[in-house]
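Student: Got a structure for you, questions after.
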Amino acid sequence: MGDVMLTLLKDLIRLPGLSGHERPAQERIQAAWEPLVDELSLSPIGSLHALKRGSGAAPRPSVLVATHMDAIGMMVSMLDHGLLRVAEIGGLEPRVLPGQPVTVHGRRDLPGLLVQPPAHALPAEDRKGPVAVKYLMVDIGLPPGQVARLVRPGDLVSFAQEPFEQGEDRLVGHSLDNRASVAALTACLVELQQRTHLWDLWAVATAQEEETLGGALTSAFALRPTVAIAIDVTWARAPGLPEHRTFPMGDGPTNAWGPNIHPGVHQALKEAAGRVEVPLALEPLPAHSGTDAFALQIAGEGIPTGVLGIPLLNMHTPVEAVSIADIRRTGRLLAEFVAGLPADFLQTLTLD
Amino acid sequence: MKELLRRLTEAYGPSGHEDEVRDLVRQEVKGLADSLTVSSMGSLHAVVNPQGKTKVMVAAHMDEIGLVVSHIDPAGFARFQMIGGLNPQTLVGHRARFANGIRAVIGIEDQEDWTKQATLSDLYLDFGVSRAADCPVRIGDIGSFDGPFVENGPRLIAKAMDDRVGVAVAIETMRRLRRTPHQVQFAFTVQEEVGLRGARTSAFGLDPDVGIALDVTRTGDTPKGPKMAVELGKGPAIKVKDSNLLSDPRLVELMVRRAEAARVPYQLEVLQGGTTDASVIQLTRAGVPSGCISIPCRYVHTPSEMVDLADVEGAVKLLSAILSRPMDLGRPA
Amino acid sequence: MPAPAARPARAHLRLLQDLTEAIGVSGAEGPVRAIVRKQVEPHADSVKVDALGNLLVTRRGAGRARLRVMVSAHTDEVGMMVVSVSSEGLLKFEKVGSIDDRQLLGKPVWVGADRLPGFIGAKPIHLMSDDETEQTVKVESMSIDIGSGSKTAAEAKVKPGDRATFATRFRRMGPSVMAKALDNRLGVATLIELVQNPPDGIELLAAFTVQEEVGLRGARVAAFSLDPQAALVLDCTPANDLPTWDGEENIAYNTRLGSGPAIYAADGRTLAHPGLLEHFIHTAESEGLPYQIRQPGGGATDAGVIHVARAGIPSLSLSTPARYPHSAAGIASLADWRDTVRLAHAALSSLTERTLRRS
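Residue numbers (our numbering), protein chains in the order written: chain A, 205 to 556; chain B, 4 to 336; chain C, -10 to 348.
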């Protein structure tokens, strides 16, 4: 059953689906989810809504699980003598960019290279040190006239790094933020085929998380779930990184805690993890979670929220790395959480 | 169009104080709309063809950037804070106008080093009085730039082209729109410059199916200017992205098709550092596919904003072409 | 209902003490909510706690209710969250809300629900070079010491996620009070009194909101739920009215201590509704109450999100000034606070629909 999840994930990290232009990713996710859910629909701005109905008596409470399907990348801002200048979509780390292979989605998909111009082509103060995105360029190796016929401002530029595996457990590539979480949610849907759950489950692949959190905000407003969970990647432990903000890969997902999290939802996730023996580390987030949950919590009249984090190395670079076992564990934990929700769970969430 | 733009740009209307502009707009559009209402924040909503199936909200903001008085010293000089995004460099020596018609000069403290950048705390307002009791404004009063509308061939120069030119495009479109299958909600919004506040509440109240903003955008065609593909005189810009908006790709494609069919020269815009009402309309309620038609403008947020009349005319033609034909966006991209 | 008292009674001071000494860091406002609940429940028509922890209370005043008015006060304070326990049993922490790092060093703190006494340690000056004393110590280099001595001993009492605040006791200083969290327990105390002694002729929708300090979060959903016709936000704003070093006029004082309640014309997130602004100024003048206009400029209150909720809600902010907010101890004038209560009560009692109309 893990094959559905892994096949989907490996496909997704080869597909573009930048913020605001998620269709390629959305169509692939929809194909995977179709046999697993009862209803599928799209929000006005392109988020994918999948409903798996619960078995409880109507009116049923619902839990919304959000995993953003958009990825970071770039957009052509202007053509300059046959080369392309780009604007960021989402937050890029400029220092990893020179020399990265990219795909320019013009009239057709074109292979390109992100390049750091030679020093003399840069302003004096910017010649040493990291070169900002606004000075980098994309070279597609074609003469200016042809470039002008094939590419225009507004065209998307996505990373073209080929994904690869390391050993049995590690997957390396771009866009694992947040396709790893989409995979985890898919694993949960697969497991729930064999289990009953009282509550309705809305599996939502949100749009625009990396730029506006807009998909989460509008989907939560439309669906008005009783409880909402966001699954996103978090920072994996690596040398030089602060210990309290990073978590070892392969040790399971994290369970966030802080103002963006409802303590009752946090507790329920913790208990579910205990029941299926999934290790779950507490991730303190003193202010906001940096995830869709920041929007989910304040949609409409307010929603009790939780956040699960999948540790990821090299976040927001084309060589992100994740443990496949962590993804499976997250899926299992989520399935146990959903299946274990009693009819009266909402009442237990009332704060004093 | 030029006369309308002259009256609109010369009117006083900084964020939160749009009454004069709203009255002007109301005069221009009454008789053109099926209903005219004012929101609790002061935005003016003019609805055309309420029986139309698809609700299209067209937003143009009435407010301009300005300054708010924060302190009056014993000699009657006033210190101020900004309303909206202002570069202090562009203020020195200019004139400000307040609600009561009072004018002041924006002065600067004597600088030891004239090569260093002026900051807000170096500036003050001079009302020509000599003591605080005679100062004609009080703390909290808001002023805007003051200056006349000027024509230079096809180029039009005025303060507040941002966004009175968008307002003019909306009004002129209302005038020329003969038939539309849609319920078009022309929203003349308030307080855009301080955080898109009017548009947020108007969109919630109007609950549209599609959102289109009309606003200015910057250009890349001035000496050592920003690297942008938009230029004056090359037509209205169809916005693909700005700092807070990812325009709905289907709407962008539709705008391109309509522009080409109507033979309106257009440009594609990616703006870094700036946004419009469209970004909050898009995230209203359950989500609203949104985009923006931009009028290229040099020197945005200075007292002398410059647009090209042909671009303005082009924007009217493009908006009319979009509104007069169906708007089936299909599946989201 | 009688007008609120001009002089603070002993009960007022005791309530201020309880409120300011409670630990209610953004996201964990329970202890403050408990105190508020006890004060308002006997007087309320309805009481509800929503998904984020906002305490929503309704109370009708005397006479026909002309308007549904939301009056809000945020219950949270800035503070700290423990994020890890070191091998020596010291607690690493992060700030919650905006605190200047220079306010933290060498301060006693209370940690967790049990209010364990701790301190943020500092190196002795004798053992530092001159250069070192000129560097600001960043929060990343600080730790809270609760006297545990070892990781296991510490973990028996405290865990990551626990909150901490400055350990400041409330004190009266003649016409002033000194306490932590005057932002916004002063506003909370004002709102409690308005529930207990409601203004005439309105349906009071009292919202004791959460998470203001981390992004105006609670007020946003409270305004959406309540959907009021108007809103008054009670907060606390800095009085930066200290003398300048060179004797030049202080032109960025924001508000002045002792000059009365501060009415906002404009701050970083809200331009006041002109009708409400005029109404409150007019009420202060006709009631003979002191008031000041808070200097326009930055900062924000819950009004920033309330006034743009739904199709827009006419809103105004009214604050009691305090010196040194977001630090271990602030100082406020009791007269300013009492006058805030009186102004709010009088202005709400005379609020009509006409005040809210636009041309």
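All residues carry an ideal CB built from backbone N, CA and C; glycine is no exception.
With a threshold of 8 Å, are at least 3 pairs of Cβ atoms found where one atom belongs to the segment 284 to 291 of chain B and the other to the segment 205 to 216 of chain B?
Tutor: A contact exists between the segment 284 to 291 of chain B and the segment 205 to 216 of chain B.
Student: Note down the Cα distance separating Asp207(A) from Ile88(C), rounded to an integer number of angstroms.
Tutor: One C-alpha to the other measures close to 49 Å.
Student: So does Val50(B) have its beta carbon nearer than 6 Å to some heavy atom of the ligand COA?
Tutor: Among the ligands in the structure shown, none appear at all, so the ligand COA cannot be discussed.
Student: Could you tell me how far apart the beta carbons of His32(C) and Gln185(C) are, in whole angstroms, since I believe they sit closer than 8 Å?
Tutor: Yes, they are in contact, since the Cβ atoms of His32(C) and Gln185(C) sit about 5 Å apart, within 8 Å.
Student: Hey, could you find the ends of the beta strand (DSSP E) Phe189(B) is sitting in?
Tutor: Taken as a continuous stretch (DSSP letters only), the beta strand (DSSP E) holding Phe189(B) covers Gln186 to Thr192.
Student: Excluding sequence positions up to five away, which residues of its chain have a Cβ less than 6 Å from the Cβ of Gly544(A)?
Tutor: Only Ala476 meet the Cβ criterion.
Student: Mind reading off the beta-carbon distance from Pro151(B) to Glu13(B)? Whole number of angstroms is fine, and I expect it under 8 Å.
Tutor: That belief holds up - the Cβ atoms of Pro151(B) and Glu13(B) are roughly 6 Å apart, short of 8 Å.
Student: Straight-line CA distance for Lys227(B) to Val361(A)?
Tutor: Lys227(B) and Val361(A): Cα-Cα distance of roughly 26 Å.
Student: Would you list, in sequence order, the uninterrupted alpha helix (DSSP H) runs of no fewer than 4 residues that lie entirely inside the segment 109 to 163 of chain C?
Tutor: For the segment 109 to 163 of chain C, whole alpha helix (DSSP H) runs of length 4 or above, ordered along the chain, are 119 to 122 and 140 to 144.
Student: Taking DSSP's pairing of strands, which residues face Ile240(C) in a bridge?
Tutor: Answer is none; Ile240(C) lacks a bridge partner.
Student: In three-state terms, what does DSSP make of Lys33(B)?
Tutor: In this structure, Lys33(B) counts as coil in the three-state DSSP scheme.
Student: At a CB distance below 7 Å, what residues from the segment 204 to 233 of chain B approach chain C? Give them in sequence order.
Tutor: Cβ contacts with chain C come from Thr204, Phe207 and Gly208.
Student: Spell out whether any CB of chain C is found under 7 Å from the CB atom of Met205(A).
Tutor: The predicted position of Met205(A) is uncertain, since its pLDDT is 47 and thus under 50; no value can be drawn from it.
Student: Residue range of the alpha helix (DSSP H) that Val326(C) falls in?
Tutor: Sequence inspection shows Trp at residue 326(C); the Val mentioned does not correspond to that position. Per DSSP, Trp326(C) belongs to the alpha helix (DSSP H) from Leu323 to Ser338.
Student: Taking Cβ positions only, does Gly143(B) come closer than 7 Å to chain C?
Tutor: True, the Cβ-Cβ gap to chain C drops below 7 Å.
Student: Given 8 Å as the limit, is there contact between the segment 67 to 76 of chain B and the segment 139 to 150 of chain B, that is, 3 or more CB pairs closer than that?
Tutor: As far as the Cβ criterion goes, the segment 67 to 76 of chain B touches the segment 139 to 150 of chain B, which means the pair count is three or higher.
Student: Which whole runs of the beta strand (DSSP E) in the segment 4 to 91 of chain B are 3 residues long or more, in chain order?
Tutor: Runs of the beta strand (DSSP E) inside the segment 4 to 91 of chain B: 38 to 41, 47 to 51, 58 to 64, 69 to 75 and 81 to 86.
Student: Give the DSSP-derived three-state secondary structure of Cys138(B) in the structure shown.
Tutor: Coil, per DSSP.
Student: Are the C-beta of Phe363(A) and some C-beta of chain B separated by less than 7 Å?
Tutor: Not an interface residue.
Student: Taking Cβ positions, are Arg199(C) and Leu41(C) nearer each other than 7 Å?
Tutor: It should be pointed out that residue 199(C) corresponds to Val in this sequence rather than to Arg. Yes, they are a contact pair.
Student: Between Ala262(B) and the rest of its own chain, which residues show a CB-CB distance below 6 Å, the 5 nearest in sequence each way excluded?
Tutor: So the qualifying residues of the chain are Tyr269 and Leu321.
Student: Please confirm if Leu340(C) has its CB atom under 7 Å from at least one CB of chain B.
Tutor: Judged by the 7 Å Cβ criterion, Leu340(C) is not in contact with chain B.
Student: Only counting the same chain, and skipping five residues up and downstream in sequence, which positions put a Cβ closer than 6 Å to that of Gly258(A)?
Tutor: Excluding positions up to five away in sequence, the list reads Arg264, His401, Leu402, Trp403 and Asp404.
Student: Strictly below 7 Å CB to CB, what residues from chain C border His74(B)?
Tutor: Within chain C, the residues near His74(B) are Ile240 and Gln284.
Student: Once DSSP output is grouped into helix, strand and coil, what is the label at Gln270(B)?
Tutor: Correct three-state label for Gln270(B): strand.
Student: If we call anything under 7 Å between Cβ atoms a contact, is Leu252(A) one with Ala409(A)?
Tutor: Yes; because the gap between Cβ atoms is below 7 Å, this pair is in contact.
Student: For the putative contact between Ala420(A) and Leu500(A), defined by C-beta atoms under 8 Å, what is the C-beta separation to the nearest angstrom?
Tutor: Correct: roughly 5 Å between the Cβ atoms.
Student: Quick check on this structure: which residue in Ala23(C), Ile133(C), Val222(C) and Thr233(C) has the alpha carbon closest to the alpha carbon of Thr309(C)?
Tutor: Cα-wise, what sits closest to Thr309(C) is Val222(C).
Student: Helix or strand or just coil, what does DSSP make of Leu174(A)?
Tutor: Since the first residue shown for chain A is 205 and the last is 556, residue 174(A) is missing from the structure and cannot be characterised.
Student: Candidates Thr154(C), Ser130(C), Thr122(C) and Ala62(C): which alpha carbon is nearest Gly101(C)'s?
Tutor: Ranking Thr154(C), Ser130(C), Thr122(C) and Ala62(C) by Cα distance to Gly101(C) puts Thr154(C) first.
Student: Please compile the residues from chain C whose C-beta is within a distance smaller than 8 Å of the C-beta of Gly45(B).
Tutor: Correct list: Arg347.
Student: Taking C-beta to C-beta, are Arg232(A) and Leu216(A) nearer than 7 Å?
Tutor: Taking 7 Å as the Cβ cut-off, Arg232(A) and Leu216(A) qualify as a contacting pair.
Student: Are Thr192(B) and Ser282(B) closer than 7 Å when you measure CB to CB?
Tutor: Cβ atoms of Thr192(B) and Ser282(B): not closer than 7 Å.
Student: What is the DSSP secondary structure of Trp403(A), counted as helix, strand or coil?
Tutor: Coil, per DSSP.
Student: Using the beta-carbon of each residue, which ones in chain A are nearer than 8 Å to Glu201(C)?
Tutor: Residues of chain A passing the Cβ test: none, with the nearest at roughly 11 Å.
Student: Give me, in chain order, the residues of the same chain whose beta-carbon lies closer than 7 Å to that of Thr329(C); leave out the 5 immediate sequence neighbours on both sides.
Tutor: Result list for Thr329(C): Thr179, Pro250, Leu307 and Thr309, in chain order.
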